[in-house]
Ligand SMILES: [Zn+2]
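Numbering (our numbering), first residue to last: 1086 to 1271.
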């Protein structure tokens, strides 16, 4: 029965705990499944060859893990973290009025409004290593002191020991995104 060999077309979304997760399948992806936030929604990247049941199991697992990490770090935790960073590296001179996660930012990791003291950090930044997220926060905090990107701005950040590493990391992420690089998994 040749029809049994034909792969059933699969939907490109899965409902997990009432939430719609977008599924992006790739023939080039061999083994690893990953999930991340894109514009506030969860997107799972899966190998095309994965059997449907296994795909569902892994997507559910990753979605729940991502969501539980999110509830652990809500806006209040983010704001506390920002204030701690300001105290440690900026002498407490950056005093944000609010620090929030934002699902609406697509192209930037963070933004701030110096006139109101509001800082917004992209949901996508949840996936960054801790030290890089700290840099993203510090960057926006420093803008409350110095709006531009001149020497005075970078002098404010000079005390953060992982500065160059974090900037290099984000440059690498942008580079990979711009050129459609994917991780070789062979
Ligand atoms: Zn900036």
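Glycine included, each C-beta is placed from N, C-alpha and C at the ideal position.
Since the structure is predicted, the reported quantities are computational estimates derived from the model, not experimental observations.
The criterion of a C-beta distance shorter than 8 Å is satisfied by residue 1115 and residue 1132.
A contact is defined here as three or more CB-CB pairs under 8 Å, and the stretch 1185 to 1194 fails this definition with respect to the stretch 1235 to 1248. Residue 1257 has its alpha-carbon roughly 26 Å from the corresponding atom of residue 1175. Counted as a single uninterrupted DSSP element, the beta strand (DSSP E) harbouring residue 1131 occupies residues 1126 to 1132. For residue 1240, the closest of 1253, 1251, 1224, 1250 by C-alpha to C-alpha distance is 1224. At a Cβ-Cβ threshold of 8 Å, residue 1181 and residue 1203 count as neighbours. Between the alpha carbons of residue 1220 and residue 1094 lies a distance of about 43 Å. In this structure, the CA atom of residue 1255 is about 10 Å from the CA atom of residue 1261.
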